[in-house]
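**Q**
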Amino acid sequence: MEVVIFLVFAIIAVVCAINVVVQTHPISSAISLVGVMGSLAVLYLLLGAEFLAAAQVIVYAGAVMVLFVFVIMLLNAGTESRKGRSFMVQLLGVPLLVTLLGLLAYIVQRIYPIGASVHFGGFTQGTPRDVGRALFSTYLLPFEVTSILILIAILGAIVLARKELD
Amino acid sequence: MDAFIVISLIKVLVVFAVLMTTLAYLQWVERKVIAHIQVRPGPYRVGPHGLLQPLADVVKLVTKEDLVPPYVNKPLYLAAPFLAITMSLLPISVIPFGPAIAVAGHQTYMQLTDLNIGVLFVLAVSSMGVYGIALAGWSSNNKYALLGGLRSSAQMISYELPLSLAIAAPLLLSNTLSLHDLVLTQDGGIWHWNILRGPFPQIFSFVIFLIAGFAETNRVPFDLPEAENELVAGFHTEYSSMKFASFFMAEYANMITVSSMATLLFLGGWTAPWPAAYGSSLAPVVIFAIAGVVALYHGFHPARRRDQRTFPVFGVIFLIIAGVFLLPMVQDWLLPLFWFCAKTGTLLFAFIWIRGTLPRFRYDQLMGFTWKFLFPVAMANLLVTGLLVAWFS
Amino acid sequence: MAEIPIAWFLTLSAVLFVLGVAGFLFRRNIITVFMSIELMLNAVNLSFVTFSYRLKQVDGNLFAFFVMVVAAAEAAVGLAIILTVFKNRSTLNIDEVETMKN
Chain W
1 MEVVIFLVFA
11 IIAVVCAINV
21 VVQTHPISSA
31 ISLVGVMGSL
41 AVLYLLLGAE
51 FLAAAQVIVY
61 AGAVMVLFVF
71 VIMLLNAGTE
81 SRKGRSFMVQ
91 LLGVPLLVTL
101 LGLLAYIVQR
111 IYPIGASVHF
121 GGFTQGTPRD
131 VGRALFSTYL
141 LPFEVTSILI
151 LIAILGAIVL
161 ARKELD
Chain H
1001 MDAFIVISLI
1011 KVLVVFAVLM
1021 TTLAYLQWVE
1031 RKVIAHIQVR
1041 PGPYRVGPHG
1051 LLQPLADVVK
1061 LVTKEDLVPP
1071 YVNKPLYLAA
1081 PFLAITMSLL
1091 PISVIPFGPA
1101 IAVAGHQTYM
1111 QLTDLNIGVL
1121 FVLAVSSMGV
1131 YGIALAGWSS
1141 NNKYALLGGL
1151 RSSAQMISYE
1161 LPLSLAIAAP
1171 LLLSNTLSLH
1181 DLVLTQDGGI
1191 WHWNILRGPF
1201 PQIFSFVIFL
1211 IAGFAETNRV
1221 PFDLPEAENE
1231 LVAGFHTEYS
1241 SMKFASFFMA
1251 EYANMITVSS
1261 MATLLFLGGW
1271 TAPWPAAYGS
1281 SLAPVVIFAI
1291 AGVVALYHGF
1301 HPARRRDQRT
1311 FPVFGVIFLI
1321 IAGVFLLPMV
1331 QDWLLPLFWF
1341 CAKTGTLLFA
1351 FIWIRGTLPR
1361 FRYDQLMGFT
1371 WKFLFPVAMA
1381 NLLVTGLLVA
1391 WFS
Chain V
2001 MAEIPIAWFL
2011 TLSAVLFVLG
2021 VAGFLFRRNI
2031 ITVFMSIELM
2041 LNAVNLSFVT
2051 FSYRLKQVDG
2061 NLFAFFVMVV
2071 AAAEAAVGLA
2081 IILTVFKNRS
2091 TLNIDEVETM
2101 KN
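What follows is the structure, given as structure tokens:
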């Protein structure tokens, strides 16, 4: 049963990821990326990370991608033009990427043979209680630093995007 | 395992049927209430007191010509209402309507499923509801629709912030994210409800939650994105028949979700305001008996000639329902359901009442209100709640 | 039913990462390039959570959470930069933004 869930959502994730890269209009890429994030949230549930699955949908799919969709709608970006593409880049790039993928997959298969397996309930420390406890005890300094980082990002975005006062 | 699947299927069918009927009749209630606020009868002719009006509306919408304009972006145009209504119906699956009951020998919750991250699930799904509106505005290829869609999306994501902060404050008191356990921590009477308990009664959180809830569901006074006299019809300008109907159903389902979440978080869910030992099980009986007597009285002194036939029938129906509440075998599931529906219904009535009363905000007033007033107030509220909870524990 | 080998999750993460790299290298529209970066970050998050499952510690979830937060901050600032570039150059094609002079 977990195998079926994994296969369905992994295939959805890969198809949507290919769609992100291949589609010409940015809004189709953005919607496909939302699909990737949604299927990854289900895979996080399979891995027992329930708080992270909810955070993925709330923060990533529900806020960051809405921001992307907003900017695409505001800029009214049309489809990408085909001129200016270098054929040499594609000729060299695709085999190198396939090599990278093969190398990563081979290393993964060597390190983790069939022994380790994933099933529902295999990892129970992903509850909000455990994540919160770790966040506010072991990782308190990174937490405070990221809050300052977010403040800097807010200030930066406001300064960059406001209208110039003449 | 088999019993679980069968019981779950039965629950899904029951909840779906009741929900669809409620959505249709919520529109009837809204039209009648707004009509009476404006001193006119409202839907009156189709069936007794307009009770068959939703049926007539459904027939009209289904048989209308389903026009897909040629200049729209078809995949997104067709997906947007589907997305809107899916994301607005999903939270109903985690809302508990009552305690654990025994159905044919099996114990089950009066809830489709109890997630232990229930509150986060509702927040997550309502964040995804923004896409339905944004894509509807974009795909319609029409500047009014695009403006309406953009404004509505910006409004919804801006008001998600005070909404989340207002949800976080009673969670500090209840210490659980599961909706069923949240209600269980508020058991015991009105002084245990989150709105009145703990070191800091959550009255501010309740008000902030309701205001943010109004904005999330695009209701007056925050309904500029779909106002008829501002933007033609906003983001659903180019939609017709069933797709248009699904946007309206999505709006009413969102209203039901926000009201249900407010009762679960602040008003104690399905628990009675005072314990059953002091007679709270007689409260619905008294309420329905009074309604029945009033209906019978107006039946004998009718304001209009039609009322002479319909009001006595309603009176008798109400008295029968009051009698049903006295039966001992329905006490353990009907009474919690009654309290839950009474509280949610009161909040829905507040939604409709405010629609009939307040004018709408201008868009810059709306955005200024959230970023400059509501968000700092929600943060201060959360801070004070946290400090007081830490002080007193 | 057989359970899922951990290697499948890591392979999926590798596939998503390589697709993100492909989008980053081959696309000319600046917003699509940015979305490929987000795709790469998501793939890495999946790796973190998988290793968190394998080692039975919650720290992997925390790492993924911080990656998410940093990605959100980066998306905000990056999109503001894209808006400014569009305001000045009126194009979203990264090939045409190659000189510092206007």
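Protein chains in written order, with the numbering used here: chain W, 1 to 166; chain H, 1001 to 1393; chain V, 2001 to 2102. The beta-carbon is built from N, C-alpha and C at its ideal position, and this holds for glycine as well. This one's a predicted model, so the numbers in the text were calculated from it and none came from an experiment.
At a Cβ threshold of 7 angstroms, is residue 47/W touching chain V?
**A** Yes - at least one Cβ of chain V is within 7 angstroms of the one on residue 47/W.
**Q** Using a Cβ-Cβ cut-off of less than 7 angstroms, give me the residues of the region 144 to 161 of chain W that come near chain H, in sequence order.
**A** Within the region 144 to 161 of chain W, no residue has a Cβ that lies closer than 7 angstroms to any Cβ of chain H.
**Q** For residue 1946/V, decide whether its Cβ has a neighbour in chain W, counting only Cβ atoms nearer than 7 angstroms.
**A** A question about residue 1946/V goes unanswered here, because the residues of chain V that appear run from 2001 up to 2102.
**Q** Under a three-way DSSP split, which group does residue 117/W fall into?
**A** Strand.
**Q** Quick one: list the residues of chain V neighbouring residue 26/W, beta-carbon separation under 7 angstroms, in chain order.
**A** Those are 2029, 2031 and 2032, listed as they occur along chain V.
**Q** If I measure Cβ to Cβ from residue 104/W and keep anything under 7 angstroms in the same chain, skipping five residues before and after, which residues do I get?
**A** So the list is empty, once near-sequence residues are dropped.
**Q** Of all the CB atoms in chain W, is at least one closer than 7 angstroms to the CB of residue 1128/H?
**A** True, the Cβ-Cβ gap to chain W drops below 7 angstroms.
**Q** Whole angstroms are fine: how far does the CA of residue 58/W sit from the CA of residue 18/W?
**A** Those two C-alpha atoms are separated by around 23 angstroms.
**Q** For the putative contact between residue 1221/H and residue 1009/H, defined by C-beta atoms under 8 angstroms, what is the C-beta separation to the nearest angstrom?
**A** Going by Cβ atoms, the distance from residue 1221/H to residue 1009/H rounds to 41 angstroms, so no, they are not a contact pair.
**Q** Am I right that residue 1249/H and residue 1023/H are in contact with their C-beta atoms under 8 angstroms? What's the rounded C-beta distance?
**A** Correct: roughly 5 angstroms between the Cβ atoms.
**Q** If you measure beta-carbon to beta-carbon, which residues of the region 36 to 63 of chain W are closer than 9 angstroms to chain H?
**A** Going along the region 36 to 63 of chain W in chain order, one finds 38, 41, 50, 51, 53, 54, 55, 56, 57, 58, 59, 61, 62 and 63 with a Cβ nearer than 9 angstroms to chain H.
**Q** Does DSSP put residue 76/W in a helix, a strand or coil?
**A** Looking at residue 76/W - three-state DSSP - the assignment turns out to be coil, as it is neither helix nor strand.
**Q** Over the uninterrupted beta strand (DSSP E) stretch that includes residue 1103/H, give me the two end residues.
**A** Looking at the DSSP string, the run of the beta strand (DSSP E) that includes residue 1103/H is 1098 to 1103.
**Q** Roughly how many angstroms separate the alpha carbons of residue 1236/H and residue 1018/H, rounded to a whole number?
**A** Between residue 1236/H and residue 1018/H, the C-alpha separation is close to 27 angstroms.
**Q** Grab me the residues of residue 2031/V's own chain with a C-beta within less than 7 angstroms of its C-beta, minus the 5 sequence neighbours each way, in chain order.
**A** Answer for residue 2031/V: 2082 and 2092, listed in chain order.
**Q** If you draw a straight line from the alpha carbon of residue 2100/V to that of residue 1140/H, how long is it in whole angstroms?
**A** The straight-line gap from Cα to Cα measures roughly 38 angstroms.
**Q** With distances taken between CB atoms, is the gap from residue 101/W to residue 2049/V smaller than 7 angstroms?
**A** The answer is no: Cβ separation not under 7 angstroms.
**Q** So if DSSP puts residue 2005/V in a beta bridge, which residue, or which two residues, is it bridged to?
**A** DSSP, once it has assigned bridges, lists 117/W as partnering residue 2005/V.
**Q** Tell me, please, which residues DSSP counts as bridged to residue 2084/V.
**A** Beta-bridge pairing links residue 2084/V to no other residue.
**Q** Just curious, the beta strand (DSSP E) that residue 1108/H is in, first and last residue?
**A** 1106 to 1110 is the extent of the beta strand (DSSP E) around residue 1108/H.
**Q** Identify which residue in 1317/H, 1341/H and 1177/H has its Cα closest to the Cα of residue 1290/H.
**A** Taking only the C-alpha atoms, the option nearest residue 1290/H is 1317/H.
**Q** DSSP three-state call for residue 2029/V: helix, strand or coil?
**A** In the structure shown, residue 2029/V sits in a strand (DSSP, three-state: E or B).
**Q** Taking the alpha helix (DSSP H) that residue 59/W belongs to, which residues open and close that run?
**A** Residue 59/W -> no alpha helix (DSSP H), and no H or E assigned at all.
**Q** Check each residue of the region 120 to 143 of chain W: if its Cβ is closer than 8 angstroms to any Cβ of chain H, include it; give the result in chain order.
**A** If the cut-off is 8 angstroms between Cβ atoms, the region 120 to 143 of chain W has 127 and 128 near chain H.
**Q** Residue 1/W CB to nearest chain H CB: under 7 angstroms?
**A** False, the Cβ-Cβ gap to chain H never drops below 7 angstroms.
**Q** Which value, in whole angstroms, describes the spacing of the CA atoms of residue 1326/H and residue 1334/H?
**A** In a straight line, the C-alpha of residue 1326/H is about 10 angstroms away from that of residue 1334/H.
**Q** In chain H, which residues lie with their C-beta within 9 angstroms of the C-beta of residue 70/W?
**A** Going along chain H in sequence order, the residues near residue 70/W (Cβ under 9 angstroms) are 1134, 1150, 1153, 1154 and 1157.
**Q** Please confirm whether residue 2098/V has its beta-carbon closer than 7 angstroms to some beta-carbon of chain W.
**A** It does not; no Cβ of chain W falls within 7 angstroms.
**Q** Cβ closer than 9 angstroms: which chain W residues qualify as neighbours of residue 1121/H?
**A** Here the neighbours are 54 and 57.
**Q** Assuming the contact rule is C-beta atoms closer than 8 angstroms, residue 1271/H and residue 1339/H should be a hit. Round their C-beta distance to whole Å, please.
**A** Indeed, because the Cβ distance is near 7 angstroms, the residues count as touching under 8 angstroms.
**Q** Go to residue 109/W, then tell me how far its alpha helix (DSSP H) extends in each direction, as first and last residue.
**A** Element bounds for residue 109/W: 87 to 111.
**Q** Taking all protein chains shown into account, do 16 or more other C-beta atoms lie within 10 angstroms of the C-beta of residue 158/W, making it buried, or fewer, making it exposed?
**A** Classification for residue 158/W: exposed.
**Q** Going along chain V in order, which residues have a C-beta closer than 8 angstroms to the C-beta of residue 89/W?
**A** Simply 2025 and 2026.
**Q** Roughly how many angstroms separate the alpha carbons of residue 1336/H and residue 1281/H, rounded to a whole number?
**A** Cα to Cα, residue 1336/H sits roughly 10 angstroms from residue 1281/H.
**Q** Quick one, which residues of the region 1095 to 1117 of chain H are near chain W if we go by CB-CB under 9 angstroms, in chain order?
**A** Here the close residues are 1115, 1116 and 1117.
**Q** Pick from 2042/V, 2059/V and 2043/V: whose alpha carbon is nearest that of residue 142/W?
**A** Ranking 2042/V, 2059/V and 2043/V by Cα distance to residue 142/W puts 2059/V first.
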